[in-house]
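Trainee: Numbering (the working numbering), first residue to last: 221 to 359. Think of the CB as a built atom: it goes at the ideal place given N, C-alpha and C, for glycine as much as any other residue. Being a predicted model, the structure only gives us computed values, none of them experimental.
1. Is the beta carbon of residue 262 closer than 8 Å to that of residue 309?
2. Please determine if the stretch 247-259 and the stretch 317-335 are in contact, where contact requires at least 3 C-beta pairs separated by less than 8 Å.
3. Run through the DSSP bridge pairs and tell me what residue 273 is partnered with.
4. Can you find a heavy atom of the ligand FMN that lies under 7 Å from the Cβ of residue 294?
5. Is it buried or exposed, residue 295, if we count other Cβ atoms within 10 angstroms and call 16 or more buried?
6. Do residue 248 and residue 282 have their C-beta atoms within less than 8 Å of each other?
7. Span of the alpha helix (DSSP H) holding residue 255?
8. Does DSSP put residue 295 in a helix, in a strand, or in coil?
9. With a CB to CB cut of under 7 Å and the five nearest residues on each side skipped, what residues in its chain are close to residue 313?
10. Mapping DSSP to helix, strand and coil, what is residue 231?
11. Classify residue 222 as helix, strand or coil using the three-state DSSP reduction.
12. Using 10 angstroms around the beta-carbon of residue 279, count the other beta-carbons present and answer buried if the total reaches 16, otherwise exposed.
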């Protein structure tokens with residue numbers, strides 16, 4: 221279905237430029253099998269200033285159809301434009317690792333907070349004096 225036009229290879233991963241012959245759309249794809257969090261995609265967008273998005277099962281995708289259609293770029297011209305991402309490929313995988321570590325630390329912190337909160341509530345409950353109900357006896 222998709223036709224790979226060319227690939228840029230970094231130390232940790234690769235970036236493939238693929239074309240959908242049916243629709244004529246061209247995409248830059250950084251394959252990533254795991255689930256990418258929105259924080260990773262946001263970080264990627266901020267660093268490249270390009271509208272990357274995550275597609276489940278594919279990886280990170282950048283639609284570069286506009287480059288091809290507006291400027292009528294040849295394959296070689298597209299290669300030169302996408303070349304700026306060659307050094308960035310390794311940074312992307314570094315971002316994946318960093319964000320995963322941050323998220324793990326954050327989860328751990330939240331879990332500790334919840335545990336402390338529960339413990340505090342339990343202590344509070346045990347300190348409350350129990351109210352005994354007394355009956356009024358009528359004469």
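Mentor: In short, the structure shows the following:
1. Not closer than 8 Å, so no.
2. They touch, by the three-pair rule.
3. Beta-bridge partners of residue 273 (DSSP): 281.
4. Of the ligands one can find in the structure shown there are none, so the ligand FMN has no counterpart to examine.
5. So residue 295 ends up on the exposed side.
6. Yes, these two residues count as a Cβ contact at 8 Å.
7. Neither: residue 255 is in no alpha helix (DSSP H) and is coded neither H nor E.
8. Three-state result, residue 295: helix.
9. Residues 232, 233 of the same chain have their beta carbon placed closer than 7 Å to that of residue 313, with the five preceding and five following residues left out of the count.
10. Looking at residue 231 - three-state DSSP - the assignment turns out to be coil, as it is neither helix nor strand.
11. Reduced to three states, the DSSP call for residue 222 is coil.
12. Buried, because 16 or more other Cβ atoms sit within 10 Å of the Cβ of residue 279.
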